[in-house]
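Residue numbers (my numbering), protein chains in the order written: chain W, 1 to 167; chain H, 1 to 118; chain V, 1 to 102. In this text, a Cβ means the ideal position worked out from N, Cα and C, and glycines have one as well. None of the values given here were measured: they were computed from a predicted structure.
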Amino acid sequence: MDLFEIIFYFFAAIVLVSALVVVLSKNIMYSAFSLLFTFFGVAGLFVLLNADFVGITQIMVYVGGILVLIIFGVMITTKVTGVDIKEGISGKLQYAGAGIITLLTAIFLSLMFINGKWITGSSTDVHATIHQIGTLLMTKYILAFEAAAILLLIAFIGAALIGRRKA
Amino acid sequence: MLEAYFPLIIMVVFGFAVAFIFMLLSQWLGARRGTKEKQTVYESGMVPYGNARERFSVKFYLVAVSFIVFDIEVVFLYPWAIQFKELGIVPFIAVLIFIAILFIGYFYEYKKGGLKWD
Amino acid sequence: MNEIPQGYYLLLAGVLFTIGTIGVLTRRNAIIIFMSIELMLNSVNLTLVAFSSFFGDSSGQIFVFFVMAIAAAEAAVGLAIVLALFRLKKTIYVDEANILKY
């Protein structure tokens, strides 16, 4: 087992365990904080895939921005504890649905995993992906770049409008 | 390229190890005599008041939203800034349009008084 | 140099996506549903970066930035809606917001 595999399995374990805690935990604060570890694990995997700028961005945007937003949302709304597992017939139905989806995805993923012909090892020029990103973003994807600005503007005004307390 | 991250890994491991070891050591070696004064809530020297479970004001949320929008803006501008000399004038104008669009939202927020704290 | 086959990353992303789906389907708390959606978006990002890295094309990484921008917009507006719901009905459980149902 070489170093890459150890690092990969380490990050994969962090991601999966903390994602399970996010989904299954009864305490919403535990969910929010284990989401932090999921984001860090995914950022580590990005770096392992030679996408270092994306990894930094992941930490900056998700951990520094979205997670803070979610924690503010928790702090503004929450009654801190409370079990929120569904009860009654509709809850049972939802669990059945989730079980079926899990089963189907498990079958699909294992089929894909066994039958796929995967590339091992990358032959690309892995240096300085950020230069390529800068060039591509400003030439091929420049319209999408402006569209992202409009999307952010709409989200900004919309969130300010909905979130503000009515006078 | 990944070899360049080796010092970072060492730093992270070292940082975690130091924090963890000191935490364990202070658990282990430290004396624990709980007087009444020590048991009270620590609030930076002030007399504690209120409940820690109090709900936050929505204003924090509005500030966080403004932060996240400009956070994303920086993420989009950074690759352009790296390649600034090679790219020339057209991307520069595109970036100016990008910033101008986002500043519409900023001025809206400013005019509506969303940035005033009281 | 990178010895881990591509399938491993894709399998991990698939499992992460499934965990997110289960969260969306089984939880009632709207904020936890948001967190699950973020998990699903993250798994998509992982897939995009994995393909980009093994394919030798940086376009995949640019898609990741757009996904992040959309995730931020979604979190901002969505949580604002949750706050409005909380202000109106004093609850963030999605099945108690059923005033339009009947």
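Where L35 of chain W falls: helix, strand or coil (DSSP)
helix
Using the three-state DSSP reduction, which class does N27 of chain W fall into: helix, strand or coil?
Assigned with DSSP and collapsed to three states, N27 of chain W falls in coil, not helix or strand.
Please state whether DSSP places Y93 of chain V in a helix, a strand or coil.
strand
By how many angstroms is the C-alpha of A73 of chain V removed from the C-alpha of F51 of chain V?
25 Å
Span separating the alpha-carbon of L39 of chain V from that of K26 of chain W
18 Å
Checking contacts by CB at 9 Å: is A69 of chain V closer than that to chain W?
yes
Please tell me whether F20 of chain H has its Cβ less than 9 Å away from any Cβ of chain W.
no
Taking F65 of chain V as the query, report the chain H residues whose CB atoms sit under 9 Å from its CB, ordered along the chain.
Here the neighbours are I72, V75, F76 and P79.
Using CA atoms only, rank isn't needed, just tell me which of W:F4, W:R164, W:I7 and W:L3 is closest to F86 of chain V.
The shortest C-alpha separation from F86 of chain V is found at W:R164.
For L46 of chain V and chain H, any beta-carbon pair shorter than 9 Å?
no
Three-way DSSP call (helix, strand, coil) for M1 of chain V in this model:
Model confidence at M1 of chain V stands at a pLDDT of 48, short of 50, so the residue's coordinates are unreliable; what they give is reported in the following sentence. Correct three-state label for M1 of chain V: coil.
Under 9 Å between C-beta atoms, does L12 of chain V make it to chain H?
no
According to DSSP, is R27 of chain V part of a helix, a strand, or is it coil?
Strand at R27 of chain V.
L100 of chain V CB to nearest chain W CB: under 9 Å?
no
Near-chain H residues of the stretch 75-91 of chain V (beta-carbon distance less than 8 Å), N- to C-terminal order
For the stretch 75-91 of chain V, the set of residues with a beta-carbon nearer than 8 Å to any beta-carbon of chain H comprises A75, A76, L79, A80 and L83, in chain order.
Grab the span of the alpha helix (DSSP H) containing P91 of chain H for me, first residue to last.
I89 to K111
is_contact[D2 of chain W, chain H] using C-beta, thresh 9 Å:
no
Rounded C-beta distance between G20 of chain V and L109 of chain W? I'm assuming under 8 Å.
So it is not a contact: roughly 14 Å between Cβ atoms.
Using the Cβ count rule (16 or more neighbours within 10 Å means buried), how would you classify Y30 of chain W?
Flag for Y30 of chain W reads exposed.
Proximal residues of chain V, C-beta to C-beta of I215 of chain W below 9 Å:
Not covered by the structure: residue 215 of chain W. The range shown for chain W is 1 to 167.
Taking 9 Å as the CB-CB limit, is A97 of chain V close to chain W?
no
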